[in-house]
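First comes the structure, then the notes that go with it.
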Amino acid sequence: MVQVSLACQPSPDRLADGSANEDFAFATPDLAAVLDGVTVLPGVETGCAHGPAWHARRLGGHLAAGHTEDPARPLVELLAGAIRSVCDDHGATCDLDHPHTPQSTVCLLRVTEGAAASRAATSRADYLVLSDSSLVFDRAGRIEVVTDLRHLRHGPDARIRDRARRLQALIDKRTRANRPNGYWIAAADPEAARHAVTGAVPLAGPGRLVRAALLTDGASCAVDPYHLMGWQGLLDTVRDAGPHHLISLVRRAEHADPNGERLPRHKRHDDASVIYCELAGRSPSTDR
Numbered sequence: 338m339v340q341v342s343l344a345c346q347p348s349p350d351r352l353a354d355g356s357a358n359e360d361f362a363f364a365t366p367d368l369a370a371v372l373d374g375v376t377v378l379p380g381v382e383t384g385c386a387h388g389p390a391w392h393a394r395r396l397g398g399h400l401a402a403g404h405t406e407d408p409a410r411p412l413v414e415l416l417a418g419a420i421r422s423v424c425d426d427h428g429a430t431c432d433l434d435h436p437h438t439p440q441s442t443v444c445l446l447r448v449t450e451g452a453a454a455s456r457a458a459t460s461r462a463d464y465l466v467l468s469d470s471s472l473v474f475d476r477a478g479r480i481e482v483v484t485d486l487r488h489l490r491h492g493p494d495a496r497i498r499d500r501a502r503r504l505q506a507l508i509d510k511r512t513r514a515n516r517p518n519g520y521w522i523a524a525a526d527p528e529a530a531r532h533a534v535t536g537a538v539p540l541a542g543p544g545r546l547v548r549a550a551l552l553t554d555g556a557s558c559a560v561d562p563y564h565l566m567g568w569q570g571l572l573d574t575v576r577d578a579g580p581h582h583l584i585s586l587v588r589r590a591e592h593a594d595p596n597g598e599r600l601p602r603h604k605r606h607d608d609a610s611v612i613y614c615e616l617a618g619r620s621p622s623t624d625r
């Protein structure tokens, strides 16, 4: 059994102007997912009638539906199928070959309990990470972080103060999405799913998974790049005070530095999502 707590909060700027949260998060009894829709750059055409919030919600909905239909489907196939379904949802009016077509990061964690006779050997948690959302594992006291950093090779330095220069660098980055020697993200090409970071961790034995957190970058920034705490501290904070508290700490740090002098970043605030999963009977306090 997995105990889950979840928070998915729009940025303060969205709360002020009423625009849609571009993050999406959901959890079923055995699958958790966070998605981060990529914000449209100012003045840039996308070739599409839909925005990143629509895309993240549609993609998340198809992931949940596909998992319900076939809970054993490999996560890469699950994501590829969801991307195809979103392409169908767009209709004929959208140019899905446009480099700025709606796109989203994806982070998935699925827990599979084996049959009783072989449960210790076959129980596992499968994961998939595409682009810069993060997955943090506590494996009986050893902390591991999984993320996909390929996009960083093409993105501008957040310390660039000139807005026009930074915007152009972001535009140039988007042209490298879903291309060889570029980076991969969930947009309109199902092939992107095959380039995700994937793996599995056991639910039994000395390296077993006892808890995990799935985070969009609006929440993982508490550790990197803000350095408010370490990854162990992040897990403990969410366990003890809840995912909303973690996001409140991020907001407090951002409000204290509105112009990004100490905490360089591309946006003053970002949407933020956290899912915390603790496996019943495997809490860190009893496994150490």
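Letter 245 of the sequence shown, counting from 1, is numbered 582 in the working numbering, and no numbers are missing. Heads up, the beta-carbon is just placed ideally off N, CA and C, and yes, glycines get one too. Because the structure is a prediction, the values reported are computed rather than measured.
Of A362, I584, Y613, the smallest CA-CA separation from A390 is found for A362. The C-beta separation of R605 from D350 comes to about 7 Å, placing the pair in contact by the 8 Å criterion.
Under the three-state reduction of DSSP, S468 is assigned to coil, being neither helix nor strand.
Closest in C-alpha terms to D607, from the list G579, S557, L565, W568, comes S557. Following the DSSP letters along the chain, one finds I480 inside the beta strand (DSSP E) bounded by residues 479-483. D577 has its alpha-carbon roughly 43 Å from the corresponding atom of P517.
With respect to the C-alpha of R500, the residue from S610, R602, G384, V423 having the closest C-alpha is R602.
Contact between A529 and N515 holds, with the beta-carbon distance rounding to 5 Å and staying under 8 Å. In this structure P527 is buried. Its beta-carbon is surrounded by 16 or more other beta-carbon atoms within 10 angstroms.
Pairing L504 with R599, the inter-Cα distance amounts to about 21 Å. According to DSSP, residue pairing for R548 in a beta bridge involves D475, E615. Measuring C-alpha to C-alpha distances from A370 to each of V538, L416, N358, G542 identifies L416 as the nearest. Note that the C-beta distance between A401 and T365 is below 9 Å. In the structure shown, the three-state DSSP call for L565 is coil.
By the neighbour-count definition (other C-beta atoms within 10 Å, threshold 16), E615 is a buried residue.
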